[in-house]
Structures are given as structure tokens and as C-alpha cells.
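Remarks on the structure that follows.
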Amino acid sequence: MTISDHSRRRFLGLAAWATAGMTALGGARSFAQPASPPKMPEITAIPEKLKGSGEVRIAAYGGTAQDAERTAYFAPFERLSGVKTLDFPGADVNKVKAMVDTGNVEWDVVQLGRSTVKNLMKKGDYFEKIDYDLVDVGNIDPLYRYDYALDMLVWSQVMAYRTDAFKGAVPNGWADFWDTKKFPGDRTLTGAGPSTPELEFALLAAGVPPDKIYPIDIDKAFESYDKIKASVVKWWETGAVPVQMLSDREVVLASVWNGRMAAIQAAGVPAAISWNQGLLKRDCWAVPKNAPNKANAMKFIAFSTLAISQARLSMLIPYGSVNNKSAEYLTEKQLEILPSAPAIRSQLIPYNYEWWVDNRDTVIGRWNKWILA
Amino acid sequence: MATVAIASGRLSRAPLRHTAPILLVAPLALYMAAFYALPLASMLLRSIADPTWTMENYRRLAGDAVFLHVFGTTLRTALIVTLGALAFGYPVALALSRLRQGAATLVLIIVLLPFWTSVLVRSYAWMVLLGRKGLVNEALIATGLIDAPLKLLNTPFAVHIAMIHILLPYMILPIASVLRQIDGALLRAAAGLGAPPRRVFLQVVLPLSIPGVAAGVLLVFVLSLGFYITPALVGGPRDLMLSMLIAQQVDLLNWPYAACLSTALLAATLLLILVSLRLPGVRDVLRTATR
Chain Z
422 MTISDHSRRR FLGLAAWATA GMTALGGARS FAQPASPPKM PEITAIPEKL
472 KGSGEVRIAA YGGTAQDAER TAYFAPFERL SGVKTLDFPG ADVNKVKAMV
522 DTGNVEWDVV QLGRSTVKNL MKKGDYFEKI DYDLVDVGNI DPLYRYDYAL
572 DMLVWSQVMA YRTDAFKGAV PNGWADFWDT KKFPGDRTLT GAGPSTPELE
622 FALLAAGVPP DKIYPIDIDK AFESYDKIKA SVVKWWETGA VPVQMLSDRE
672 VVLASVWNGR MAAIQAAGVP AAISWNQGLL KRDCWAVPKN APNKANAMKF
722 IAFSTLAISQ ARLSMLIPYG SVNNKSAEYL TEKQLEILPS APAIRSQLIP
772 YNYEWWVDNR DTVIGRWNKW ILA
Chain D
16 MATVAIASGR LSRAPLRHTA PILLVAPLAL YMAAFYALPL ASMLLRSIAD
66 PTWTMENYRR LAGDAVFLHV FGTTLRTALI VTLGALAFGY PVALALSRLR
116 QGAATLVLII VLLPFWTSVL VRSYAWMVLL GRKGLVNEAL IATGLIDAPL
166 KLLNTPFAVH IAMIHILLPY MILPIASVLR QIDGALLRAA AGLGAPPRRV
216 FLQVVLPLSI PGVAAGVLLV FVLSLGFYIT PALVGGPRDL MLSMLIAQQV
266 DLLNWPYAAC LSTALLAATL LLILVSLRLP GVRDVLRTAT R
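In the order they appear, the protein sequences are chains Z and D. With this note's numbering applied, the first sequence covers 422 to 794. With this note's numbering applied, the second sequence covers 16 to 306.
So this is what it looks like as C-alpha cells:
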């Protein structure tokens, strides 16, 4: 299960597996799956315009997330559309670039992050335009739609904490995360590996209101980082690390990918998510330029973002939906842990992909100097 | 040519002697040319010719304080890991060479065991061991040696210890192989001439084992230079290795600069190999290997 805006999927997939193994080894109960699989709404028919023939080749991030996508989207799409649906792990923007550069495009649909897609579009014409005539645009917010990619999975980078660490006090917002007196103990945050450092959190901690975060005041963010640097024992690069550190009591506070928390909670680790001031991030589907089955790719993308398809995925893995109608298929309890649920989404700040596309190089250059200083 | 040479048997024995080895290595040579040399060349080219001919990347490299710092960290880490692996590996190699066949096989299996587990899993295992509530700290506290847990994980120490563990077989195997080839008569002769065991070791065994040591040191050092996963997982905030910097540039789609960094790493590695080939010990290894 690996959801983020970056590329080292295979490594991360392995990491997830290793974490599961090590937690079991560490004495915790092994990650429990829900006792009985949730009853998913069956898709019985699809619009005529989404039917076709031939095949479509989809690259995703592998692991349990791809298993969930297979059950939620790939299998019903193949059954109902008549398009043979093949899926591959290892989605990676660098591979897309190499494929398009060499004219040997093997994937029709690729799971990526929007900033990755935009970054590559800056280098040339690497992706096809999404065919929005097929898409359920009436129920998908403009926030999720982009000319060359359609968001299809909503997740959040949020604060998580050990519930046994602060005598019942609950950290709420990044100012608390930065407050080492009120909430003593070591922390972990994201570094500048494949993903971007959390300058947003640094600004929120410094008292910048959520709606004034972007454009990011880089100087101010690093000044704020200076104040927490000594308490951050690890700047993580992969989502397996912070949850492992919470499990092992290496840290009491962490930023995490929300989907990772369910697993350690199921394993009995006293840890919880504090949703307030989290970042709302998304994965998207994109179609590499000159994909051999472009028409089928567009049909699949439209199918997978239908309300029912999106709801099916949320039942398998705690990631949210881009389709506003999906909530109708989900119970209150299921909605409780989804970043796209209205009560949670209102506390989150949409990650500004546009700002990061323009500033990522600058920030990472600055970051490298800061971390080594 | 080859079939003719073989068919004509005795008559063409002499040319066969030269053709056959070339034919034997040809498949590997072609494979390496197509799947290693060619991509490598294209990478080197990318650092100076993407999109147009330029030395800009290398100019940037020379003035890149982050690169220089990280390069220093990488070399220092490789050096410490190599020395550590030698300190732990040599006694094991010695024991391995002295044991009877059955016992030696058992030890060999134990030495090779880590090879069968992925680097990633072993790195996570070190996280479990070295953590604040990890096995090491719990044991030290239980025995009363320390009161509060030591900070072991997410430090350079954790990087070194985990990398030494992973790379130990590369040190042990070449040394053991050289030690096993030492003629027992030499040791008996030394002892017969009145040398105590310590002197036999220092004046006979140790000098004769230098080729193995050189091979092991070179292997471990070169492999250390490219480590990525282990430092990323168990290292501290400042334990940035060159491979991590390269990966970062690839993720930023800065392929030319990533290629430039990779070329710097490759050049440093090649330089090191060339220099060490001049050392007498290493020359002997090559001679042993090709004998």
C-alpha cells in the first residue's frame, strides 16, 4: 500500500511488506484484516459510451493498494466494458518519460501524482489530454480535474500521535506538534526524498492561517523548521517509516500517510490521527502520449471515477473518493476514516500542486543545505 | 572458424588455444556491451549533452557545497564500514580456514545466510534491534549497565553497524579462500623452526593472506559507496549518501544533473580501483585469480 507523489514504488512496496514482518517479529499482533470483507456494491451496468474492445494496460503502485484497485475497478471494468484489462506494478514517471522518448509506450494508464505529471509536461508533450466528455464531471470537483490527469484517490498527510504519551492531552494542529513542552518527546517528519518537505506544516506551526499558506513564504517556513529541528529524530522518505517508529515508541508524534494508520491501529498500537490541518493530497490517472490503447484508457479513467467504483475502493482501503456521490454507498463508520468525508475534508488543506511544481527545485536545494548545516 | 578448428583437431591445436577463450567469453562480453556499457555510455553522454553540449552540470557540481559534503560523508562511511568489516571478518575467515570440512561448511552457510535475505528486511531488523525499546537497549537496561536507553537508531553508528553486517560476507569469503590455499607445510616449518603461534601468524599467515584482504577491502569499499536503502532507513538526519542525492535528482526529473552526480561516483570508484591495482597485494590477487 503505497500512495504518494513519487516514484520508488518497488522499494516502498517491499518496505510495507518488511514492516509488517518486523512488527510481527517485534511482538505485536500481526496486521489484522477486517474479520469479514466489507460487502461491496456490485456494478451491474455501465454507460454504453464506456464499452469497447481490445485491451488497456494500467500501471499502478503495486502492493495492497493495487490489489484493492483490481477488485474495485479493474475486474468490473473488464467484465462490463469488454476491454481486456491488464495491470502492472511499478508506475513511475521516469519510466513514462523513457517510454515516450523512445517511442515504446507500454502503458495506457499510469497512476501518478499531479505535480509529477505537471513537472514532466514542463519538459515536453508527454501526456494525452483527458477526455472529459466521458467523465462524470457533474460530481467531481474542479479541484480534482486537470487537462492531463484526473485525480482518482484522495489521501491525506496528517499528524499522528501515541495516545499513551501525553496523559490524555490531544495534540491539535501543528503549533502543538512544534510545542515540545506541552507535548514532550521525539518526532518524525517528511524530508526531501521523493516527496516534498512539509513547509505547510512549518508555517501553520508559526501561526500562519490555513488559507494564507500559499504562496509559501520559504524563509519563514525554514525559520519555523529551525525551532523543531532538534526534536526531529528522523526525516522520513517512505510512508512505512513513521508508522513503524510510532509502533516502536521511537517517536510520540509523526506526520503520516493516513492510509498507513489503520494497519498499526488494527495491530493494537495506541496511536491515532489528528486530522486538523492535514494536507489533502491526491493520486491521479494520466495517459502517456501516444499510448496504444488511448481510447480504452479514457473509458477506464471515466469508469474508475464513477461514484460506485470510487466507493468500492474506499471500502477496501481507507482512501477517499473524488466523486461527491460516493458517500451514498458508504456507512457512517466507513466515512469516519476517509479524508474525503465532509467532516474530515473541511479540516484539511488542499495541497497546492501548482505552487510545488514551480518551487520544488528551489525548496529542495535549500532543504539540502539546511539539513546538513 | 571455431568448428573448423575443433573438427581439424590436433593440427589446429595452437590457434584453438587462442580462439576458444575468446568464444567462451563472447556471450558475456556481448551481453555486458549491450546491457551495461551502452546504457552507461548514454548516461555519461546525458551529463554533457542533454539537451545540448554543455559542461554546465560539472561546473555546478564543483561549486555544489551539498554535493561536496555528501561526497565526504559517503567516502567516510565507506572507509569506516570497510575497516569494521575487516576487523570482524578476518577472525571469521581464519576460523573458517582452520575448521574441518563439515564444520567449515556449517560456518560457511551461517556466513552466507544474510545473502538470502533482502537488504531491506535486514535494515528493518536493525531498526527493531537498535530502537529505544529495541532488544539491545532492553538487554542493557535489564542487566543494569545503563539506566536510560541509548540513542542508537537514526545515528551514523546505526548506518555503520547495519552496513558492516550486510557486507561482511564480501570480506570473509575472499580472505577465507586465500587462507585455505596457504600450504600447511609452511606453518609446520615455521613452528618447527621454533616460532610461537603468534609469530607464525604475524610472519607467515598474515603476509600470505594480504591478497585476500585486498580483494575484500576493495569489494566492501566499492559496494559501500553505492549504498542507499540502509542509510535512508537507519541513518540520522545528516547521514545523506551520494546515492540518495542522485535518487533525489532523478525524482526531480533532473536527469542530466543526476547523470553528472553518478559519473562523479563512478569516476571516484574507478580511480580507487586503479590506485589499488598498483598496490602489490592486489596485483597478487589478480595473479591468483587468473592462475
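Ideal placement from N, C-alpha and C gives every residue a C-beta, glycine not left out.
Legend entry - Member of Z:680, Z:783, Z:734 and Z:667 whose CA lies at the smallest distance from the CA of residue 143 (chain D): Residue numbering aside, residue 143 (chain D) sits at position 128 when the second sequence is read from its first letter. Taking the Cα of residue 143 (chain D) as reference, the smallest distance to any Cα among Z:680, Z:783, Z:734 and Z:667 is reached at Z:667.
Inset, instruction - Compare the C-beta of residue 658 (chain Z) with all C-beta atoms of chain D and state if any pair is closer than 8 Å. - result: Counting from one through the first sequence, the residue named residue 658 (chain Z) turns up at place 237. Answer yes: the Cβ-Cβ gap between residue 658 (chain Z) and chain D drops below 8 Å somewhere.
Inset, instruction - Could you confirm whether any beta carbon from chain Z is found closer than 8 Å to the beta carbon of residue 146 (chain D)? - result: Walking along the second sequence from the start, residue 146 (chain D) turns up at place 131. Closer than 8 Å: yes.
Legend entry - Proximal chain C residues relative to residue 265 (chain D), where beta-carbon distance stays under 7 Å: Here chain C cannot be found, since the structure's protein chains are Z and D.
Inset, instruction - Would you list the one or two residues that DSSP bridges to residue 719 (chain Z)? - result: Here residue 719 (chain Z) corresponds to residue number 298 of the first sequence, with the count starting at 1. BP columns for residue 719 (chain Z) are empty, so no partner.
Inset, instruction - May I ask which residues mark the beginning and end of the alpha helix (DSSP H) holding residue 162 (chain D)? - result: As a working note, residue 162 (chain D) is residue 147 in the second sequence. Unbroken run through residue 162 (chain D): none, as it is neither H nor E.
Legend entry - C-beta atoms of residue 530 (chain Z) and residue 741 (chain Z) nearer than 8 Å: Taking the first sequence and counting its residues from 1, one reaches residue 530 (chain Z) at position 109. Taking the first sequence and counting its residues from 1, one reaches residue 741 (chain Z) at position 320. No, the Cβ-Cβ distance between residue 530 (chain Z) and residue 741 (chain Z) is not below 8 Å.
Inset, instruction - Along the beta strand (DSSP E) that carries residue 573 (chain Z), what are the first and last residues, could you check? - result: Position 152 of the first sequence, counted from the start, is the residue given in the question as residue 573 (chain Z). That run of the beta strand (DSSP E) goes 570 to 583.
Inset, instruction - Report yes if the C-beta distance between residue 501 (chain Z) and residue 479 (chain Z) is below 8 Å; otherwise report no. - result: In the first sequence, counting from the first residue as 1, residue 501 (chain Z) sits at position 80. In the first sequence, counting from the first residue as 1, residue 479 (chain Z) sits at position 58. The answer is no: Cβ separation not under 8 Å.
Inset, instruction - Identify, in the order they occur along the chain, each residue of the same chain with its Cβ nearer than 7 Å to the Cβ of residue 618 (chain Z), setting aside the five sequence neighbours on each side. - result: The residue labelled residue 618 (chain Z) in the question sits at position 197 within the first sequence. The answer, listed in chain order, is 611, 612, 784 and 788.
Legend entry - C-alpha gap between residue 714 (chain Z) and residue 635 (chain Z), whole angstroms: As a first step, residue 714 (chain Z) is located in the first sequence; it is residue number 293 there, counting from the start. As a first step, residue 635 (chain Z) is located in the first sequence; it is residue number 214 there, counting from the start. Taking the straight line joining both Cα atoms gives about 38 Å.
Inset, instruction - Return no unless some Cβ of chain D is closer than 8 Å to the Cβ of residue 785 (chain Z). - result: Mapped onto the first sequence, residue 785 (chain Z) falls at position 364. Yes - at least one Cβ of chain D is within 8 Å of the one on residue 785 (chain Z).
Inset, instruction - Determine, using beta carbons only, whether residue 610 (chain Z) comes closer than 8 Å to chain D. - result: Taking the first residue of the first sequence as 1, we reach residue 610 (chain Z) at position 189. No, residue 610 (chain Z) lies away from the interface with chain D (no Cβ there is under 8 Å from its Cβ).
Inset, instruction - Just list the beta strand (DSSP E) runs in the stretch 643 to 702 of chain Z, keeping only unbroken ones of 3 residues or longer that don't cross its boundaries, in chain order. - result: 653 to 657 and 674 to 678
Legend entry - Members of the stretch 150 to 171 of chain D near chain Z, C-beta cut-off 7 Å: 168 and 169
Legend entry - Neighbouring residues, chain D, relative to residue 583 (chain Z) (Cβ below 8 Å): To locate residue 583 (chain Z), count along the first sequence from 1; it is residue 162. By Cβ distance, chain D contributes nothing, its closest Cβ being about 12 Å from residue 583 (chain Z), past 8 Å.
Legend entry - Contacts that residue 247 (chain D) makes with chain Z (C-beta to C-beta distance below 7 Å): Translated into the one-based positions of the second sequence, residue 247 (chain D) becomes position 232. Ordered by position in chain Z, the residues that pass the 7 Å Cβ test against residue 247 (chain D) are 658.
Inset, instruction - Counting only the same chain and skipping the five closest in sequence on each side, list residues whose C-beta sits under 6 Å from that of residue 227 (chain D). - result: Translated into the one-based positions of the second sequence, residue 227 (chain D) becomes position 212. Only 189, 190 and 193 meet the Cβ criterion.
Legend entry - C-alpha distance - residue 717 (chain Z) paired with residue 82 (chain D), whole-angstrom precision: Counted from its first residue, the first sequence places residue 717 (chain Z) at position 296. Counted from its first residue, the second sequence places residue 82 (chain D) at position 67. Residue 717 (chain Z) and residue 82 (chain D) have their C-alpha atoms spaced approximately 45 Å apart.
Legend entry - Best match in D:110, D:197, D:92 and D:149 for proximity to residue 669 (chain Z) [C-alpha to C-alpha]: Taking the first sequence and counting its residues from 1, the one referred to as residue 669 (chain Z) is at position 248. Residue 669 (chain Z) has its Cα closest to that of D:149, out of D:110, D:197, D:92 and D:149.
Legend entry - Against chain Z: residues of the stretch 60 to 84 of chain D by CB proximity under 8 Å: 80, 81 and 84
Inset, instruction - Enumerate, from N- to C-terminal direction, the unbroken alpha helix (DSSP H) stretches of 4 or more residues contained entirely within the stretch 68 to 154 of chain D. - result: 71 to 77, 80 to 113, 116 to 127 and 134 to 145
Legend entry - Spatial neighbours of residue 791 (chain Z) in its chain, beta-carbon cut-off 8 Å, leaving aside the 5 residues before and after: Locating residue 791 (chain Z) in the first sequence gives position 370, where the first residue counts as 1. For residue 791 (chain Z), where only same-chain residues beyond five positions count, the Cβ hits under 8 Å are 643 and 646.
Inset, instruction - Compare the C-beta of residue 129 (chain D) with all C-beta atoms of chain Z and state if any pair is closer than 8 Å. - result: Start at 1 with the first residue of the second sequence, and residue 129 (chain D) comes out as number 114. For residue 129 (chain D), the answer is no, since every Cβ of chain Z falls outside 8 Å of its Cβ.
Legend entry - Interface partners of residue 670 (chain Z) on chain D, CB under 9 Å: Residue numbering aside, residue 670 (chain Z) sits at position 249 when the first sequence is read from its first letter. For residue 670 (chain Z), the C-beta contacts it makes with chain D under 9 Å involve 146, 147 and 148, in order along the chain.
Inset, instruction - For residue 242 (chain D), collect the residues of the same chain with a Cβ closer than 7 Å to its Cβ; drop the 5 residues on either side in sequence, then sort them by chain order. - result: As a working note, residue 242 (chain D) is residue 227 in the second sequence. Here the set comprises 178, 256 and 258.
Inset, instruction - Within 10 angstroms of the Cβ of residue 218 (chain D), are there 16 or more other Cβ atoms? Answer buried if so, exposed if not. - result: Here residue 218 (chain D) refers to the residue found at position 203 when the second sequence is read from its first residue. Its Cβ having fewer than 16 others within 10 Å, residue 218 (chain D) is exposed.
Legend entry - Bridge partners - residue 275 (chain D), DSSP secondary structure assignment: Sequence index remark: in the second sequence, residue 275 (chain D) carries index 260 (1-based). In the DSSP output, where bridge partners are listed per residue, residue 275 (chain D) has none listed.
Legend entry - Option nearest residue 678 (chain Z) by Cα separation, candidates Z:686, Z:663 and Z:691: Residue 678 (chain Z) sits at position 257 when you count from the first residue of the first sequence. Of the candidates Z:686, Z:663 and Z:691, the one whose C-alpha sits nearest the C-alpha of residue 678 (chain Z) is Z:663.
Legend entry - Selected residue, minimal CA-CA separation from residue 253 (chain D), among D:85, D:161 and D:62: In the second sequence, residue 253 (chain D) corresponds to position 238, counting from 1. With distances taken between Cα atoms, residue 253 (chain D) lies closest to D:85.
Inset, instruction - Kindly provide the ranges of any alpha helix (DSSP H) runs that are 4 or more residues long and lie completely inside the stretch 228 to 268 of chain D, ordered along the chain. - result: Those alpha helix (DSSP H) runs which fall completely within the stretch 228 to 268 of chain D and span 4+ residues are 244 to 249 and 257 to 266.
Inset, instruction - Go ahead and pull the three-state DSSP assignment for residue 497 (chain Z). - result: Looking up residue 497 (chain Z) in the first sequence gives position 76. Here residue 497 (chain Z) sits in helix by DSSP.
Legend entry - Opening and closing residue of the alpha helix (DSSP H) in which residue 196 (chain D) lies: Counting from one through the second sequence, the residue named residue 196 (chain D) turns up at place 181. Looking at the DSSP string, the run of the alpha helix (DSSP H) that includes residue 196 (chain D) is 171 to 196.
Legend entry - Buried versus exposed call for residue 61 (chain D) [16 or more other C-beta atoms within 10 Å across all chains shown]: Working through the second sequence from its first residue, we reach residue 61 (chain D) at position 46. Classification for residue 61 (chain D): buried.
Inset, instruction - Spell out a yes or no on whether the stretch 687 to 696 of chain Z and the stretch 513 to 524 of chain Z are touching, meaning 3 or more CB-CB pairs, one atom from each, closer than 8 Å. - result: The stretch 687 to 696 of chain Z is not in contact with the stretch 513 to 524 of chain Z.
Inset, instruction - Would you check if the distance between the CB atom of residue 765 (chain Z) and the CB atom of residue 462 (chain Z) is smaller than 8 Å? - result: Locating residue 765 (chain Z) in the first sequence gives position 344, where the first residue counts as 1. Locating residue 462 (chain Z) in the first sequence gives position 41, where the first residue counts as 1. In this structure, residue 462 (chain Z) does not lie closer than 8 Å to residue 765 (chain Z) by Cβ.
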